[in-house]
Amino acid sequence: MSVCGIVVAAGKGTRMGTGFNKVYMPLLGKCILWHTIKAMYDSRVFDELVIVTGSEDITKCKEILSEFNIPVKVCEGGATRQESVMRGLAASECDMAAVHDGARALVLPDIIRAAVFAAQKYGAAAVGVIPKDTVKLSKKGFISSTVRRENAVLIQTPQVFSRLALFEEHIRAEKDGFIATDDCMIMERAGVQIKITEGSYENIKITTPEDIFVAERILTERSKN
Numbered sequence: 025m026s027v028c029g030i031v032v033a034a035g036k037g038t039r040m041g042t043g044f045n046k047v048y049m050p051l052l053g054k055c056i057l058w059h060t061i062k063a064m065y066d067s068r069v070f071d072e073l074v075i076v077t078g079s080e081d082i083t084k085c086k087e088i089l090s091e092f093n094i095p096v097k098v099c100e101g102g103a104t105r106q107e108s109v110m111r112g113l114a115a116s117e118c119d120m121a122a123v124h125d126g127a128r129a130l131v132l133p134d135i136i137r138a139a140v141f142a143a144q145k146y147g148a149a150a151v152g153v154i155p156k157d158t159v160k161l162s163k164k165g166f167i168s169s170t171v172r173r174e175n176a177v178l179i180q181t182p183q184v185f186s187r188l189a190l191f192e193e194h195i196r197a198e199k200d201g202f203i204a205t206d207d208c209m210i211m212e213r214a215g216v217q218i219k220i221t222e223g224s225y226e227n228i229k230i231t232t233p234e235d236i237f238v239a240e241r242i243l244t245e246r247s248k249n
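Shown next, in the form of structure tokens:
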């Protein structure tokens, strides 16, 4: 099955406080998005990449992509993450799609490969880690119950599905006014079983200025190995 990597990178950097898309912020001499695309490229499992970014960043994005020898499409993002994912899915004709956050620049190629291979075997897969902290549910500001840690998982990206099935479920969610924080939520409501593959505590989503320092430290340590 052909596989497309869809990188969602159309944010505005609000929590980062930059006033522009955070994925174009520098990270050890390259921008955040470059590191993300490099990991996707190095995984060697994709027939093409689709980068979804802001209209004002399309030229900049194409310049970054010019050094990667893989079929790449760049399309304009939507007003929401769901709309951006839909546009990325529509831009591809591959059988499967691995949706990945553009700000998760520390993902390792092995993690990407494992998720794609699991999706090809089980039909759908998502990267996740067991939480280190005790997870509680709250109600009106008070603890209501405790989630058993062995049953809890912090889901990351990539998340891999049949491209057409995911696209159809996004359309249904849009019609129903259903808002999801990730693509697993979109597919869960359709009853799709999603295999969890092992992620990494280093696979953080760079969101705040503090995350930049953490990411630089991780990348610096990796370069020593």
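Just so we're aligned, residue 25 is where the sequence shown starts under my numbering, counting upward by one.
The C-beta atom is built at its ideal place from N, Cα and C for all residues, glycine as well.
Residue i, enclosing alpha helix (DSSP H) - first and last residue
| i | result |
| --- | --- |
| Glu198 | 187 to 200 |
| Ser108 | 105 to 114 |
| Cys28 | Segment 27 to 33 is the beta strand (DSSP E) holding Cys28; no alpha helix (DSSP H) there. |
| Lys219 | First-last for Lys219: 219 to 222, but that is the beta strand (DSSP E), not the alpha helix (DSSP H). |
| Pro233 | 233 to 248 |
| Lys46 | Where Lys46 is concerned, there is no enclosing alpha helix (DSSP H), given that its DSSP letter is neither H nor E. |
| Glu212 | 207 to 212 |
For residue j and residue i, believed in contact at Cβ under 8 Å, the rounded distance
| i | j | result |
| --- | --- | --- |
| Ser186 | Asp119 | 7 Å |
| Ile94 | Cys85 | In fact, because the Cβ distance is near 14 Å, the residues do not count as touching under 8 Å. |
| Val238 | Val123 | Actually they are not in contact, since the Cβ atoms of Val238 and Val123 sit about 23 Å apart, beyond 8 Å. |
| Leu73 | Val96 | 5 Å |
| Leu52 | Glu240 | 6 Å |
| Ile88 | Trp58 | 5 Å |
| Ala103 | Phe191 | The Cβ separation is near 18 Å, so there is no contact. |
| Ile230 | Ile236 | 6 Å |
Selected residue, minimal CA-CA separation from residue i, among the options
| i | options | result |
| --- | --- | --- |
| Ala127 | Tyr225, Thr104, Thr181 | Thr181 |
| Ala149 | Ala138, Lys156, Thr158, Asp157 | Ala138 |
| Met211 | Gly78, Gln106, Cys85 | Gln106 |
| Met209 | Gly223, Thr231, Ile179 | Ile179 |
| Thr12 | Lys164, Phe166, Val171, Gly165 | The chain is shown from 25 up to 249; residue 12 falls before or after that span and cannot be answered. |
| Phe141 | Ala121, Lys160, Ala129 | Ala121 |
| Arg196 | Ala176, Arg213, Val184 | Arg213 |
| Asp134 | Ile88, Leu113, Tyr65 | Tyr65 |
| Glu80 | Glu117, Glu100, Ile136, Val47 | Glu100 |
| Gly35 | Cys28, Lys46, Gly29 | Lys46 |
| Gly78 | Cys28, Tyr48, Ala63 | Tyr48 |
| Ala63 | Gly29, Ile82, Pro50 | Gly29 |
| Ser26 | His59, Val69, Trp58 | Val69 |
| Ser67 | Asn249, Leu130, Lys156, Ile228 | Leu130 |
| Ile136 | Gln144, Tyr146, Gly147, Val151 | Val151 |
| Gln183 | Leu132, Ile203, Asp125 | Asp125 |
| Ala246 | Leu132, Phe92, Glu193, Leu161 | Checking the displayed sequence, the identity of residue 246 turns out to be Arg instead of Ala. Among Leu132, Phe92, Glu193, Leu161, the Cα nearest to that of Arg246 is on Leu132. |
Buried versus exposed, by CB contacts within 10 Å (16 or more), residue i
| i | result |
| --- | --- |
| Gln217 | exposed |
| Tyr225 | exposed |
| Asp207 | buried |
| Glu251 | Since the first and last residues shown for the chain are 25 and 249, residue 251 lies out of range. |
| Gly165 | exposed |
| Gly215 | exposed |
| Arg173 | exposed |
According to DSSP, residues forming a beta bridge with residue i
| i | result |
| --- | --- |
| Phe166 | Lys163 |
| Val184 | Ala122, Ala149 |
| Glu72 | Cys28 |
| Gly178 | Gly is not the amino acid found at residue 178; the sequence shown has Leu there. Answer by DSSP bridge pairing, in chain order: Val153. |
| Val171 | Val159 |
| Lys54 | Leu51 |
| Thr77 | Ala33, Glu100 |
Enclosing beta strand (DSSP E) for residue i [first to last residue]
| i | result |
| --- | --- |
| Thr83 | No beta strand (DSSP E) holds Thr83; the alpha helix (DSSP H) holding it covers 82 to 89. |
| Glu100 | 96 to 100 |
Neighbour flag for residue i against chain D, beta carbons, 8 Å
| i | result |
| --- | --- |
| Ile228 | Absent from the structure is chain D; it holds one protein chain and no more. |
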